[in-house]
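Under my numbering, read the sequence shown as residues 49 to 310, first letter to last.
Glycine included, every Cβ here is placed at the ideal spot set by N, Cα and C.
Note that the coordinates shown come from a computational prediction; the quantities given were computed from them, not determined experimentally.
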Amino acid sequence: MTLTNKLNGFKAVWKFDNRWSLILNKIFFSSDTLHIYRYKNLEFLNDHSAGDANGARDVVFSPMYLQLLRKMDLPAELSVLDLGANNGGFPMMLAAAGFGVRKLVSVELNPETCSRLRFNLERNFKGRAAAVNAAVCGDDRWIDISLGSGSTSDNIYEAEGKGSHGTNHRLPGRTFDSIYGEFFAEEVVDICKIDVEGAEFEIFNGKGDLRLTQCRYLLIEIHAHPDSNPSDLVDYICKRKFRLVEGPTDESVYLFANLELK
């Protein structure tokens, strides 16, 4: 690890309440990759050997989503659907920003990342959250994929594992409607956040996404795709009676507001 990376790591942990124990742990027990981060009333597990440092630890303070929260008219207690949840940074960012979370469903592709997600949700949103290990895609099908211990770039199209540690998995591929129908049925979701590394182009296909109109706000990272144009997806969502509030941001995140849900 370079000196620059070490300094950046120290800057990142300095914002947390248990900064000194984290820093001392990094100095004297550098081989220990499982760290508990504490901030306000939150505490969550990060596995630095699996790339979690780019997950919850960063998302809690990053302007990537925080800057867009100010553009939403939200209730104090939120109903949240998080597709591409990693280890749970998005709902913890909401909690750190002062929002209550009354109901949360978080979907994560990688089984190992999902185990840490489940721990973090149980720790911070006990009885109000569900962690789902599944691939969000355009139709209900099985996804055969090799995955490592976790990465923010895990996706359903990359069939090779991370280095020599890839493990073969057969995971359920589920449509937007399938997940929404099981957990929310006719309820309105206040925020649906989507970061599924390119699968967004097949999720919104006019077949398995009818319940999209039950979402008050849609936060979606639209990735570069060789066969699809982000503007086409933006147009498609707007035709579903959404208004583009902002986007793309520097991180290619778009915020949409439902014109029929106030």
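Nearest-angstrom Cα separation, counted from Tyr302 out to Phe58: 30 Å
With 16 as the cutoff for other CB atoms within 10 Å, does Phe77 come out buried or exposed? exposed
Could you spell out where the alpha helix (DSSP H) holding Glu170 opens and where it closes? Pro159 to Asn172
Given Asn253 as reference, the closest of Phe224, Glu269 and Asp243 once Cα atoms are compared: Phe224
Are the CB atoms of Phe109 and Lys63 nearer to each other than 7 Å? yes
Does the Cβ of Gly103 have 16 or more other Cβ atoms within 10 Å, making it buried, or fewer, making it exposed? buried
Looking at Lys63 and the ligand NAP, is the gap between the Cβ and the nearest heavy atom below 6 Å? Absent from the structure shown: the ligand NAP. Ligands present: none.
According to DSSP, is Ile270 part of a helix, a strand, or is it coil? coil
Need the endpoints of the beta strand (DSSP E) that Trp190 sits in, please. Arg189 to Leu195
Where Cys185 falls: helix, strand or coil (DSSP): coil
Around the C-beta of Arg264, are 16 or more other C-beta atoms found within 10 angstroms, so that it is buried, or is it exposed? buried
Taking the alpha-carbon of Val293 as reference, which of Ile239, Leu129 and Leu116 has the nearest alpha-carbon? Leu116
Quick one: using the 10 Å Cβ neighbour count with 16 as the cut-off for buried, is Ala247 buried or exposed? buried
Once you ignore the five residues that flank Ala145 on each side, which residues in its own chain have a CB closer than 7 Å to its CB? Leu114 and Leu117
Identify every residue that forms a DSSP beta bridge with Thr215. Leu195
For Asp238 and Asp187, what's the separation of their Cα atoms in angstroms? 24 Å
Is Pro296 helix, strand or coil when you go by DSSP? coil
Have a look at Phe231, Ile251, Val282 and Cys286 and flag the residue whose alpha-carbon is nearest the alpha-carbon of Ser300. Val282
Taking only three categories from DSSP, how would you classify Phe249? helix
Roughly how many angstroms lie between the CA atoms of Ile268 and Cys185, to the nearest whole one? 15 Å
Across which residues does DSSP place Val282 in a beta bridge pair? Note: Val282 sits in no beta bridge, so no partner.
For His83, the residue or residues it bridges with in DSSP: Asn94
Assuming Glu230 is part of the alpha helix (DSSP H), what are its boundary residues? Phe224 to Phe231
How would you write the range of the beta strand (DSSP E) that Ser154 sits in, first residue to last? Gly148 to Glu156
Do Ser154 and Ala183 have their CB atoms nearer than 7 Å? no
Assuming Glu250 contacts Asp202 (C-beta within less than 8 Å), just tell me the rounded distance between them. The pair is not a contact, with the Cβ atoms about 16 Å apart (cut-off 8 Å).
Can you find the residues in the same chain that come closer than 7 Å, C-beta to C-beta, to Ile71, ignoring five residues on each side of it along the sequence? Phe58 and Val61
Cut-off 6 Å between Cβ atoms - residues of its own chain near Pro312, not counting five sequence neighbours on either side: With the chain covering only 49 through 310, there is no way to say anything about residue 312.
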